[in-house]
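This report concerns only the one structure given below.
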Amino acid sequence: MSKPFVAILMGSVSDLPTLQPTVDILRQFDIPFEAKVTSAHRTPERTHEYVRDAERRGCAVFIAAAGLAAHLAGTVAGLVVKPVIGIPISAGPLQGVDALLSTVQMPGGVPVATVAIGKVGARNAGYLAAQILAVSDSNLAKRLSSERRDNAVAIAAADARVMEQLGQG
Ligand code: RP5
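Convert by adding 94 to the 1-based position in the sequence shown; the result is the number in my numbering.
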């Protein structure tokens with residue numbers, strides 16, 4: 095059986111730079127993914143076709159990023175019962191608050207796991223997708239835990255340096 099993959103959907107090619115951290119995290123953990131530019135508003139049929147086809151081919155987690163009146167993640171969530179992670183993109187005068195509310199305020203029964211606006215959210219979308227896959231992949235779970243431990247060690251080391259610099263050692 096082929097490995098489950100993550101599908102990254104974005105409403106516009108202008109969203110791609112914001113999604114680089116998602117791609118980086120998925121690559122770091124060797125998680126197969128594919129990316130697609132498709133819009134809930136501008137290409138609704140293409141979005142439906144892609145999502146249904148991706149699910150048939152073994153997509154385990156969908157990540158959907160969009161700005162402005164961001165309905166892409168909600169549209170995907172309406173089509174599948176796979177986990178859907180929404181990334182609100184900062185694309186207009188409201189700096190992503192519009193996309194955040196459009197993405198997070200889903201009606202009951204059709205959840206979208208919404209992460210923070212912009213690149214920080216994009217990074218966490220990668221981690222969240224990895225953690226979802228790690229539920230049934232113990233090797234991936236170990237790698238995620240190991241990275242958390244490394245981060246904790248790095249913070250403790252930084253703390254020690256700060257204490258030393260400030261003469262509080
Ligand atoms: C949304 O509108 C896209 O996700 C993008 O964030 C925003 C602006 O799109 P472009 O006008 O740059 O194509 O649908």
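For glycine and all other residues, C-beta sits at the position ideal for the given N, C-alpha and C.
In the DSSP annotation of this structure, methionine 257 is not part of any beta strand (DSSP E); the continuous alpha helix (DSSP H) holding it starts and ends at 232-259. Beyond the five residues adjoining it in sequence on each side, leucine 173 comes within less than 7 Å, by CB distance, of His142, Val145 and Arg146 in the same chain, given in chain order. For leucine 234, the CB contacts under 7 Å within the same chain, skipping 5 residues up- and downstream, are Phe123, Ala224, Leu227 and Ala228 in chain order. Closest in alpha carbon position to isoleucine 119, among Arg136, Val214, Gly186 and Pro98, is Val214.
Distance from the CA of cysteine 153 to the CA of serine 96, rounded to the nearest whole angstrom, comes to 10 Å. Rounded to the nearest whole angstrom, the CA to CA distance from glycine 168 to threonine 197 is 7 Å.
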